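Keeping their order, the protein sequence lines are chains A and B. Throughout the first sequence, residue numbering follows our numbering, covering 4 to 119 in sequence. Throughout the second sequence, residue numbering follows our numbering, covering 5 to 156 in sequence. Every residue, glycine too, gets a C-beta built ideally from N, C-alpha and C. Since we're looking at a predicted model, the values are computed, not measured. As structure tokens, the structure follows; a few thoughts come after it.
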Amino acid sequence: MRTTELEVRDLRVAGAAMLGAAAVLPLLPGAPGLVCPLRALTGVPCPLCGMTTSVESILQLRLGEAFAANPAGVAAVLVAVLLLVLRASALRVPSVALPLGLAGMWAFELHRFGLF
Amino acid sequence: MSEPQTTIPAYVPSGPSGPRASFGRRLVALLIDGILVAIVYGILYAIIGETASSLVLVAVWFAYFTFFEGSPSGQTIGKRALGIRVIDFRAGGPIGFARGLGRTAARILSGLLCYLGYFWMLWDGERQTWHDKLATTVVVPVAYYPVDKWPG
């Protein structure tokens with residue numbers, strides 16, 4: 004099976020930025036979320052829609068809301084915490100994992116918005 | 005008298021075909037550039053109002069990234085602060101203003117799906133975003149690709 008090597012340090016920084024943003028965003032006045040341009044323009048959600056809500060909900064221990072917004076948010080937090088804790092030096096994943104994951108996320112979001 | 009030695013860190017190949025700027029550096033550079041453009045927007049908003057300033061903001065955004073990333077150094081102010089630059093993927097040199105403009109326009113596509121095109125570099129073999137791929141560019145550390153003069 005073909006695999007892709009991921010830059011662990013980059014993933015760790017991205018994970019830390021994600022957790023930091025999810026902790027800080029709800030504290031800001033008006034709690035600004037990240038606008039999805041595709042949904043704003045067309046009404047159609049993208050695979051990553053709901054991720055901000057999902058990750059914020061996990062940090063506030065509202066797991067039900069997190070799964071309902073986008074289950075991938077739960078996985079993203081889990082991976083981010085593991086990368087920060089375990090200090091892995093290398094990470095290889097099957098090359099099909101990303102397209103399959105994105106397809107699954109998109110199907111979920113289209114269903115959530117009543118389009119699929 | 006001996007010449008001062010410049011120490012270039014050894015590059016250990018581990019995926020991409022050459023040294024690449026890290027996600028963290030690119031993210032912080034973009035934040036700096038975003039803040040600078042936002043300051044310009046704030047000033048314009050106070051002077052000419054919301055509608056006109058929004059139109060000018062798009063023009064300022066395009067002009068800023070096209071000029072600096074298309075210049076011989078390939079560095080915006082944020083990229084200069086973080087020691088990274090945009091270069092041609094194949095030849096390794098400057099990309100020029102026309103491709104700089106194309107790369108800036110391609111940023112719209114990178115941002116279209118919740119900024120998925122920006123995150124793409126996290127798992128891409130050459131650490132390219134979508135706008136890198138469309139413009140055939142890579143972002144590299146200046147430690148390996150030094151800049152002669154800024155903006156050049």
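DSSP three-state call for residue i: helix, strand or coil?
i	result
B/E130	coil
B/T141	strand
A/A8	Residue identity check: residue 8 of chain A is Glu in the sequence provided, not Ala. A/E8: strand per DSSP, three-state reduction.
B/V64	helix
B/R89	strand
A/L81	helix
A/L118	coil
A/V47	coil
A/P97	strand
A/S60	helix
B/S58	helix
B/Y49	helix
Taking 9 Å as the threshold (C-beta atoms), are residue j and residue i in contact?
i	j	result
B/A25	B/P145	yes
A/G18	A/V84	yes
A/P102	A/M4	no
B/F93	B/E130	yes
B/G104	B/F69	yes
A/D13	B/L126	yes
B/L116	B/I36	no
B/V62	B/V44	no
Ordered along the chain, which non-local residues of its own chain (more than five positions away) have a Cβ less than 8 Å from that of residue i?
i	result
B/D152	P76, S77
A/V77	S57, I61, L66, A69, F70
A/R95	T6, T7, E8, L9
A/C49	C39, L41, R42, W109, E112
Excluding five sequence neighbours on each side, which residues of the same chain lie with their C-beta closer than 6 Å to the C-beta of residue i?
i	result
B/V60	L48
A/T55	G36, L37
B/Y148	P23
Among residues of its own chain, excluding the 5 on either side of residue i, which ones have a beta-carbon nearer than 7 Å to its beta-carbon?
i	result
B/Q79	F72, R89, V151, W154, P155
A/P74	F111
Chain-ordered residues of the segment 85 to 106 of chain A with a beta carbon less than 7 Å from chain B: L101
Name the residues in the segment 22 to 54 of chain B whose C-beta lies less than 7 Å from a C-beta of chain A; which are they? Those would be S26, F27, G28, L31, in chain order.
Evaluate the contact criterion for the segment 67 to 86 of chain A versus the segment 35 to 46 of chain A: three or more CB pairs, one atom per stretch, below 8 Å. no
Taking three-plus beta-carbon pairs below 8 Å as touching, is the segment 82 to 98 of chain B in contact with the segment 118 to 128 of chain B? no
Going along the chain, which residues of the segment 52 to 66 of chain A sit with their C-beta nearer than 8 Å to a C-beta in chain B? Against chain B - using a Cβ distance shorter than 8 Å - the residues of the segment 52 to 66 of chain A are C52, M54.
Taking a Cβ distance cut-off of 8 Å, strictly less, list which residues of the segment 120 to 149 of chain B are near chain A, in chain order. L120, F123, M125, L126, W127, G129, R131
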